[in-house]
Amino acid sequence: MILAGILLLVLNLCPVSANLNKISPGDIVFLGENGLDLTDITNIPTQIAWYAPCTEVDSSFFREDTNNDVSSNDIPPPTGYFSSGYCDKNREPDHILDIPEPENFFVSPDLFIGHAGDFFLWDGSQKGELAFKVREPYLALKVYDTTTKRIITDEPIPRGHIVNFIINTNLGAVFNRNGYTDDEAPINLMIEGPRNSIFRGEVSGLDTASLSLHNLPVDETDGDKKWYWVGVGTDHSNPSKTDGWNTGALFSDCDFVYNLGEYSVWAESHLNDMMDYYTTYDGTTYAGKTVSGVKKFNLVKGDESDYNQCITRKDEQQAKFRKLSEWTGEGIPPPTGTTN
14 MILAGILLLV LNLCPVSANL NKISPGDIVF LGENGLDLTD ITNIPTQIAW YAPCTEVDSS
74 FFREDTNNDV SSNDIPPPTG YFSSGYCDKN REPDHILDIP EPENFFVSPD LFIGHAGDFF
134 LWDGSQKGEL AFKVREPYLA LKVYDTTTKR IITDEPIPRG HIVNFIINTN LGAVFNRNGY
194 TDDEAPINLM IEGPRNSIFR GEVSGLDTAS LSLHNLPVDE TDGDKKWYWV GVGTDHSNPS
254 KTDGWNTGAL FSDCDFVYNL GEYSVWAESH LNDMMDYYTT YDGTTYAGKT VSGVKKFNLV
314 KGDESDYNQC ITRKDEQQAK FRKLSEWTGE GIPPPTGTTN
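Counting the sequence shown from 1 gives a position; this note's numbering is that position plus 13.
The following block contains the structure:
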């Protein structure tokens, strides 16, 4: 593929979306999300409550037993929560938090970590409706060589091969938020190459097309499910056999777009600024959470037939130009069949 001009390395800044921060009852939210609008859940300051996972049973299930001996009939002793997994459905919450500003809520990792799951409205004495569900984000990336149909791990890739990426995440839950559109998809790919080149906006595909690295609508990929950056169908569960990152792309002057050397690739999500607020203890980004681990590979010399053909065409064009310049007058050759 020949590019007609200089490939722009575009930084697409992603502001907080007015749709992705609007939370409805029962929506999934992620640790570190900031500026959430909970006014569809509550319009006034209130509290929310979390209950440790257990099997809820009616209080009549619990027997009065001062010895707390459960060996004879496997009935747990009369307390509100049991390590055996039984609990009284009328028990007190295990974790209560304040919502002082429903229109501007922060899913603080300090307050919510270790308490993933359902949070209910709480009036101080009774459990109300489900407010939202808290999850810890995860984000993982693999490099896939479409040409060889292999996942690449610390291996060289010959220039000219078509490269794809596999993304695994649970951030696809945001698709269920009211007003969501794919233009607001929360995952971006980043590629850093030799000579401090950083590709943030797009890379070369096949047939003169460019492929976006931004706002990737990655489905939830639980278990063995995969999402391919350039995939087949609406779920991208299989890789395209005919398209992907063309590492052998050429500029119009026949120079290679992508230099040989080491490349680093990663995925990241700035969903409601959570990449800035859900960090490690020293403030660095949280690998595997809001940013994937970095995958590296060396782009090495490969099949250069496209390059050679480009040079041949370029030489032929230059030869034609030199021949035309030899004509006298205004540089326009006379009509065919005439003589000077």
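Backbone N, C-alpha and C fix where the C-beta goes; we use that ideal spot for every residue, glycine too.
Can the beta-carbon of V120 be found closer than 9 Å to that of F43? Going by C-beta atoms, V120 is nearer than 9 Å to F43.
Consult DSSP for Y290 and reduce its assignment to one of helix, strand or coil. helix
At 3 residues or longer, and completely inside the region 143 to 200: list those beta strand (DSSP E) runs for me, N to C. 152 to 158, 163 to 165 and 175 to 182
Using only alpha-carbon positions, find the residue among A222, D111, L219 and H249 that is nearest to P230. H249
Compare the C-alpha of D131 against each of D289, K102, E142 and N34 and name the closest. Measuring from the Cα of D131, the nearest candidate turns out to be E142.
Going residue by residue through the region 251 to 308, where are the continuous beta strand (DSSP E) segments of at least 3 residues, counting only ones entirely within it? 274 to 282
In terms of residue numbering, what span does the beta strand (DSSP E) encompassing L134 cover? Unbroken beta strand (DSSP E) run through L134: G130 to W135.
Tell me which same chain residues have a C-beta within less than 6 Å of the C-beta of N181, skipping the five on either side of it? A153 and T234
Compare the beta carbon distance of I170 and V156 with 9 Å and say whether it is the shorter of the two. yes
Could you tell me which residues DSSP pairs with K35 in its beta bridges? D50
Going by DSSP, what residue range makes up the beta strand (DSSP E) through F43? I41 to F43
Go ahead and pull the three-state DSSP assignment for T68. strand
Just to confirm, are N56 and T194 a CB contact at a threshold of 9 Å? no
With a threshold of 7 Å on Cβ separation, who are the neighbours of E69 within its own chain once the five nearest residues in sequence on each side are excluded? Only C100 and K102 meet the Cβ criterion.
C-beta atoms of L224 and W258 nearer than 9 Å: Yes, the pair counts as a contact, with Cβ atoms nearer than the cut-off.
Counted within 10 angstroms of its Cβ, other Cβ atoms place G218 as buried (16 or more) or exposed: buried
Going by Cα to Cα distance, which pick from R148, M203 and F118 is closest to Y276? For Y276, the nearest C-alpha among the options comes from M203.
Enclosing alpha helix (DSSP H) for D123 [first to last residue]: P122 to F125
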